[in-house]
Ligand SMILES: [Zn+2]
Ligand SMILES: [Zn+2]
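Residue numbers (our numbering): 387 to 466.
This is the structure we're talking about:
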């Protein structure tokens, strides 16, 4: 029996939830990460908290490519 390879998928887009007004905005993910965004509803800036690596990790239900790759490498997963 062959060993099944586990695959870590990198999402192409995520929904960011504004921490000020809870408006949801869909953004495209870039490899470098996304660090700030202007909310189109409340016009406030969504910026990365010091304790988080980016706004994707902080304000969406997904993780950014950088975090996913670190995680995948640690678990020995294949990255797609
Ligand atoms: Zn907002
Ligand atoms: Zn991140």
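Heads up, the beta-carbon is just placed ideally off N, CA and C, and yes, glycines get one too. Bear in mind the structure is a predicted one, so any value in this text is a computation, not a measurement.
In whole angstroms, give me the CA-to-CA distance for residue 373 and residue 460.
Past the boundaries of the shown model lies residue 373; the chain is included only from 387 to 466, so the question cannot be answered.
Of the residues 435, 454, 453, which one's Cα is nearest the Cα of residue 445?
435
Identified DSSP bridge partners for residue 424:
431
Under a Cβ-count criterion, where at least 16 other Cβ atoms within 10 Å of its own Cβ denotes burial, should residue 393 be classed as buried or exposed?
exposed
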